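Every number in the working numbering is 2 more than the matching position in the sequence shown, counting from 1. Here a beta-carbon is modelled for each residue, glycine too, at the ideal position from N, C-alpha and C. Remember, it's a predicted structure, so these values are computed and weren't measured experimentally. See below for the structure under consideration.
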Amino acid sequence: MRKSGVADKYVRVVQDMYERSRTVVRCAVGQTEEFKVEVGLHQGSALSPFLFAMVMDQLSEEVRQESPWTMMFADDIVICSESREQVEESLERWRFAMERRGMKVSRSKTEYMCVIEREGSGTVRLQGEEVKKVQEFKYLGSTVQSNGECGKEVKKRVQAGWNGWRKVSGVLCDPKISARIKGKVYRTVVRPAMLYGLETVSLRKRQESELEVAELKMLRFSLGVTRLDRIRNEYIRGTAHVGRLGDKVREARLRWFGNVQRRESEYIGRRMLDMELPGRRQRGRPKRRYMDVINEDMKLVGASVEDAEDRDRWREMNP
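Written out as structure tokens, the structure is:
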């Protein structure tokens, strides 16, 4: 805490909180006798995450690189490198830095993902032990795939939407509740789960349609309407006062892009948008990049990158 610039009086207060602390473990047959806590933080304390973040900052100071080569959230660490050798070297540095200070790198939870496969690239090892290779992994609630696609993430967003819908289905399917209230509950509970993180994803038209199909199914169930009633989708959305999901995704994408563009040039988001990766694109039809989607969105609303610098003007063009 002192290295982080915290005043001594606050350091002493925290020390008093943790000195001579004792606890018990509660289980199905009762609870254990009291024992002294030697290592750890108070569970449930608002101060604990702050203390843990400071500890990790100090432990990783000598091995931590700037983003995106090193990204940290609590005790989850992502290391990016351009080759297998660099990954192994970074892993070993992290292992040494953590273990000499009393912490360990979990072998069972450590995974690696290769974005571009090369013949004879080999495997990644940590102290002679082979690290598990995966084609996708979940980080901060979003699924990242090795092929750069977002199909798995879209399916998980649909599933998250259905999970949220089931939690409030007692309200959404109640015939005594008005369609306006149902739409408000849906927009508050279900839609945020479906849209989580999609402002940073380059969706295809097919994937956007997949999200809209799931949403319309939920709205039809909520309003007690089936496809046999032959009611148009526009009428369903209008009755529930719910806008088209594809439009909301575009609005969120442009809103996020505008926020990033107005940040300083050293901001990690700005640097990632302008970053050019080494290598060549694969043969065949090129995949849609994020900026390709942003350019399509700006063309649709008649905006340009320069317009994003003016917050008020950007909001007018992307309400």
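I'd like to check one pair, residue j with residue i: are the Cβ atoms closer than 8 Å?
i      : j      : result
Arg66  : Glu90  : no
Ser224 : Leu174 : yes
Leu327 : Met3   : Residue 327 falls outside the range modelled here, since the chain spans only 3 to 321, and no answer is possible.
Leu275 : Met300 : no
Thr228 : Ala181 : no
Arg206 : Arg285 : no
Trp96  : Val80  : no
Arg317 : Asp309 : no
Ordered along the chain, which non-local residues of its own chain (more than five positions away) have a Cβ less than 7 Å from that of residue i?
i      : result
Leu142 : Phe75
Arg265 : Gly271, Arg272
Using CA atoms only, rank isn't needed, just tell me which of the options is closest to residue i.
i      : options                       : result
Phe54  : Ser83, Arg28, Ser6            : Ser6
Lys111 : Arg103, Lys140, Gly130, Arg86 : Lys140
Leu213 : Val8, Gln161, Val16           : Gln161
Glu40  : Phe98, Val146, Glu21          : Glu21
Ile296 : Lys38, Arg189, Val262, Arg246 : Val262
Lys135 : Lys154, Pro177, Tyr114        : Tyr114
Ser83  : Arg159, Ala48, Val307, Val117 : Val117
Val156 : Arg208, Lys106, Arg239        : Arg208
Arg283 : Glu119, Val170, Asp231        : Glu119
Glu311 : Gly260, Gly185, Ala9          : Gly260
Ala195 : Asp78, Arg168, Gly172         : Arg168
So residue i and residue j are supposed to be a Cβ contact under 8 Å. How far apart are they, rounded?
i      : j      : result
Val187 : Gly163 : About 13 Å separates the two Cβ atoms, so there is no contact after all.
Val203 : Leu221 : Actually they are not in contact, since the Cβ atoms of Val203 and Leu221 sit about 23 Å apart, beyond 8 Å.
Val251 : Leu197 : 7 Å
Arg253 : Asn320 : The question names Arg, but residue 253 in the sequence shown is Glu. About 6 Å separates the two Cβ atoms, so the contact holds.
Tell me which same chain residues have a C-beta within less than 6 Å of the C-beta of residue i, skipping the five on either side of it?
i      : result
Cys152 : Val203
Glu36  : Arg24, Val26
Met19  : none
Could you pull out every residue in the same chain whose Cβ sits closer than 8 Å to the Cβ of residue i, ignoring the five residues on either side in sequence?
i      : result
Glu131 : Arg109
Glu138 : Met115, Thr145, Val146, Gln147, Ser148, Lys154
Gly226 : Cys175, Pro177
Gly124 : Arg86
Ignoring anything shorter than 4 residues or poking outside the region 163-248, list the alpha helix (DSSP H) runs there in chain order. If we require 4 residues or more, the alpha helix (DSSP H) runs fully inside the region 163-248 come out as 171-174, 181-187, 193-197, 207-225, 235-242.
Quick check on the DSSP output: what are the complete beta strand (DSSP E) runs of length 3 or more inside the region 49-134, in order along the chain? 72-75, 78-81
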